[in-house]
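A.B. asks: Submitted below is the structure of interest, expressed as C-alpha cells.
Residue numbers (this note's numbering), protein chains in the order written: chain A, 1 to 182; chain B, 1001 to 1184.
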C-alpha cells in the first residue's frame, strides 16, 4: 500500500515535471512580426517562415532556452514591391544570407511577470548581443510568450546605400514575437 | 457697382488659388510616383502627395464653410440661363471631387496597409483595415476620380478663359481682382 502510494506520488511528480516544461511550438498560433517606420508611418511586416526551438518551464524560466531561425525569403515587408526589395543585396541579401537567427544564452527574471532573454542575433553574417524582454502566460494548456524589442537595422547593414537615409526609413525597427508552446 | 458685389471675398480668392496650386502639384506628383520603382525618393514623394491631399481636403472644407456664409458675387446678367446652370453643376461636381479624391486616397492608403501621417507627425486614423483587393479597387477609384477632375478643370479653365477673352464680361476678375484695374 505504502509502496503503491509512493509510486503514484512519484509518477504524479514526474508527470507534473514533464508537463511543466513547454517545448512544442504551435506554428499556426505563433507569429514573428516587425514594424518599420517609413516617413514617420509605422508599416507592419512579418517573417512568415521561421522555426523556433524553445524549451521553457514557467516555474523556472531562467533555465529556458530558445533558438529561432528565420528564412528571410519569406519576409513580408508590407507590399509586393517591398517584399521583392527586401530580398535584394542592400537589404537582407537572401542569396548570400538566407537565414537570420537568434540563439539565447540566458534568461533572467525582471519581475512583475516579465523576463528577458539574452543571446546572439545573427543577420547578414553579423552577430550581435541582443536582449529580448517577454511575458509568459498560460492559457488552455498552452504557454504563450509575448515580447517586443527594438533592433537597429543599420547595425547589421540592413538597408544600406541609398536606403541608409534614416529620415526615410528609420534605423530602429520593432520586432514583435508571439509564440504559443505546448 | 461696388467692389463688394463684383468680386469674391479675399478669403475665398486665397482659398481658391491655394487649392489650385496644391492640385497642380499633387496631380503630376501622383502620376510620377506611381510609375516609379521603389526607392527612398518614391517613399518621400508618396508622403508629400498624401500631405498635399490632406491639405487640399482641409482647405476645401474651409472653402465650403466660408461659402456657406458668404454668397458668391452674382454672374453678369448677360450670361444665359443654360450657362448659369452648367456653371453651377460644374462647381458642385468640382467640390464633390475635391472632397472625394483625398478621401479615396486616404482609404486606399489604409487598405494598402500604409497609414497617413500628416506632415510625418500627425497620424490620421485608418478608417478601414488592410485589405489588398480593396486597396487595389480604391486605387482604381482614386485614379478615375482624378481623371474626372482633370476633365472638369479643363472645362472650368476653358470657361474662365472664354469669359475673359471672348465674352469679355469680367467673370474672371471676380476671382482675379487685378484684372479689373485694366481698362476694358
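Cβ atoms here follow ideal geometry from the backbone N, Cα and C, with glycine treated the same way.
Against residue 1161 of chain B, what residues of chain A qualify as contacts under a CB-to-CB distance less than 9 angstroms, listed in chain order?
C.D. replies: Correct list: empty, because the minimum Cβ distance to chain A is about 39 angstroms.
A.B. asks: Starting from residue 172 of chain A, trace the beta strand (DSSP E) in both directions and tell me its first and last residue.
C.D. replies: Counting along the chain, the beta strand (DSSP E) containing residue 172 of chain A begins and ends at 172-181.
A.B. asks: Can the beta-carbon of residue 1171 of chain B be found closer than 8 angstroms to that of residue 1080 of chain B?
C.D. replies: no
A.B. asks: To the nearest angstrom, how far is the alpha carbon of residue 15 of chain A from that of residue 21 of chain A?
C.D. replies: Because residue 15 of chain A sits at a pLDDT of 46, beneath the cut-off of 50, its placement in the model cannot be relied upon, and the following sentence gives the value as read from the coordinates. Distance between the alpha carbons of residue 15 of chain A and residue 21 of chain A is about 11 angstroms.
A.B. asks: On the three-state DSSP scale, how would you describe residue 165 of chain A?
C.D. replies: It is coil, neither helix nor strand.
A.B. asks: With a threshold of 8 angstroms between beta-carbons, can residue 35 of chain A be considered close to chain B, or not?
C.D. replies: no
A.B. asks: Can you look up residue 79 of chain A in the DSSP assignment and give me helix, strand or coil?
C.D. replies: coil
A.B. asks: Which one or two residues does DSSP pair with residue 1091 of chain B in a beta bridge?
C.D. replies: According to DSSP, residue 1091 of chain B shares a beta bridge with no other residue.
A.B. asks: Going by DSSP, which residues form a beta bridge with residue 114 of chain A?
C.D. replies: A/111 and A/135
A.B. asks: Considering residue 1140 of chain B, what are the terminal residues of the alpha helix (DSSP H) in which it resides?
C.D. replies: 1132-1161
A.B. asks: Measuring only the C-alpha atoms, how far is residue 1113 of chain B from residue 1139 of chain B?
C.D. replies: 13 angstroms
A.B. asks: Check the Cβ of residue 174 of chain A against every Cβ in chain B and list those closer than 7 angstroms, keeping chain order.
C.D. replies: What residue 174 of chain A touches in chain B: nothing, since even the nearest Cβ is about 15 angstroms away.
A.B. asks: Take residue 1184 of chain B and list the residues in its own chain whose beta-carbon comes closer than 8 angstroms to its own, dropping the five residues that flank it on each side.
C.D. replies: Here the model assigns residue 1184 of chain B a pLDDT of 46, short of 50, so the residue's position is not dependable and the matter cannot be decided.
A.B. asks: If we call anything under 8 angstroms between Cβ atoms a contact, is residue 1102 of chain B one with residue 1054 of chain B?
C.D. replies: In this structure, residue 1054 of chain B lies closer than 8 angstroms to residue 1102 of chain B by Cβ.
A.B. asks: Cα-Cα, which of B/1117, B/1105, B/1060 and B/1133 is closest to residue 1094 of chain B?
C.D. replies: B/1060
A.B. asks: By DSSP, does residue 94 of chain A sit in helix, in strand, or in coil?
C.D. replies: coil
A.B. asks: Just confirm the distance between the C-beta atoms of residue 114 of chain A and residue 99 of chain A, as a whole number of angstroms; I'd bet it's less than 8 angstroms.
C.D. replies: Rounded, the Cβ-Cβ distance is 29 angstroms, inconsistent with contact.
A.B. asks: Closest to residue 1127 of chain B by CA distance: which of B/1073, B/1041, B/1108 and B/1174 is it?
C.D. replies: B/1108
A.B. asks: For residue 130 of chain A, is the classification buried or exposed, using 16 other Cβ atoms within 10 angstroms of its Cβ as the cut-off for buried?
C.D. replies: It counts as buried.
A.B. asks: Would you give the residue range spanned by the beta strand (DSSP E) that residue 36 of chain A belongs to?
C.D. replies: 31-38
A.B. asks: For chain B, is any of its Cβ atoms less than 8 angstroms away from the one on residue 180 of chain A?
C.D. replies: no
A.B. asks: What are the residues that DSSP puts in a beta bridge with residue 1067 of chain B?
C.D. replies: DSSP, once it has assigned bridges, lists no residue as partnering residue 1067 of chain B.
A.B. asks: Assuming the contact rule is C-beta atoms closer than 8 angstroms, residue 42 of chain A and residue 1115 of chain B should be a hit. Round their C-beta distance to whole Å, please.
C.D. replies: For a cut-off of 8 angstroms, the C-beta gap from residue 42 of chain A to residue 1115 of chain B is around 7 angstroms, short enough to register as a contact.
A.B. asks: Whose C-beta lies closer than 7 angstroms to the C-beta of residue 1179 of chain B among residues of the same chain, with five residues either side of it excluded?
C.D. replies: 1172 and 1173
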